[in-house]
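Residue 58 is where the sequence shown starts when you use our numbering, and the numbers rise one by one after that.
All residues carry an ideal CB built from backbone N, CA and C; glycine is no exception.
In this text the structure is predicted, and so the values were computed from the model without any measurement.
Worksheet for the structure shown next.
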Amino acid sequence: MAGRAEPGAQSDARTSLVRLGHLCFDDFLLLGKRGLSCESSSFERLYPFSPELTSDWALAFNNAPHILLHFCRSDAALASSLCTRASDFVPALEDIRAAQSRLVLAFAYDLLRAKAPPLYDALPWHDWDFSIVARRFKLWQTRFLLAGDGTTVTMCRCRKTAGVYVVEPDETIARYTERKATLEKVRRFRLLPPS
């Protein structure tokens, strides 16, 4: 990101993304194995953003067993950790929906990237001054290896380079990147496997 925003500004931006992308708790089904897993199978390491999210997951799964099943299929090591967090009491539907809303808000960027890659690309921090690179290097002699956020925006600026190589582990984003490279006529484009 270009710079750090105030916590209130970040919350407002995420709220706008949730509304703009029509994000809901079911969109967690769009997050693939790479979006859900990490080297540590500990639930706290997987979602370290804030302690209150741990209880929100337990509440949210009460009304969404299909999401819990998706998480368990994506990373079997998570299964026991997620299931032990299930509540013994039956919470009110309003509490469950509030927890789900907080989780959607906390993961708005990841969910938007999975649900609407073009909309995610249009976020302002993906657009940066590429002329700095163009002034320093002869683009027609330079090969670029791109990975991470903003790849599809940067790739379009590399149309006339010696080559553009993109590493993208997520299949949905990889297909979107290939389509965009074709539409934008990026020459010598190659999508590399994450391995």
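Q.
In this structure, how does DSSP classify Leu249 when only helix, strand and coil are distinguished?
A. In the structure shown, Leu249 sits in a strand (DSSP, three-state: E or B).
Q: Pick helix, strand or coil for Arg200, following the three-state DSSP scheme.
A: strand
**Q.** Closest by C-alpha distance to Arg76, when choosing among Cys129, Asp113, Leu162, Leu150
**A.** Leu162
Q | Val161, enclosing alpha helix (DSSP H) - first and last residue | A | 150 to 163
Q.
Any contact between the segment 219 to 229 and the segment 199 to 209? By contact I mean 3 or more CB pairs, one from each, below 8 Å.
A. yes
Q: Please classify Val221: does DSSP put it in a helix, a strand, or coil?
A: strand
Q.
In the DSSP assignment, the alpha helix (DSSP H) including Phe85 goes from what residue to what residue?
A. Careful: Phe85 lies outside any alpha helix (DSSP H) and carries neither H nor E.
Q: Go to His127, then tell me how far its alpha helix (DSSP H) extends in each direction, as first and last residue.
A: 122 to 131
**Q.** Cys215 in three-state terms, based on DSSP
**A.** coil
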